[in-house]
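Residue numbers (this note's numbering): 1 to 89.
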């Protein structure tokens, strides 16, 4: 905190108290430490969400590949059946 002092020349000068400055620095330091803790907590939450999304993505890719493979097998089966009927006729 500062206080105003008047010099002999009549000029007013603001003087700062060292103790108050140190208290202010300590408060800022504590605030930044809290910010760091909050940031790390947020990062952990985001990492958990990312892991969940990666797992979901892998499951969707697997389901899509299984569906594509089934469609390919079914298409191949129908083509074979059509060839059999054309060959008999």
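For every residue, glycine included, the Cβ atom is placed at its ideal position computed from N, Cα and C.
Computed from a prediction, not measured in an experiment: that's the story for all the values here.
Can you find the residues in the same chain that come closer than 6 Å, C-beta to C-beta, to residue i, ignoring five residues on each side of it along the sequence?
i	result
residue 30	none
To the nearest whole angstrom, what separates the beta carbons of residue i and residue j, a pair I think is in contact under 8 Å?
i	j	result
residue 24	residue 15	At roughly 15 Å, the Cβ-Cβ gap does not stay under 8 Å, so residue 24 and residue 15 are not in contact.
Between which residues of its own chain and residue i is the CB-CB distance below 8 Å, once the five residues before and five after are set aside?
i	result
residue 77	none
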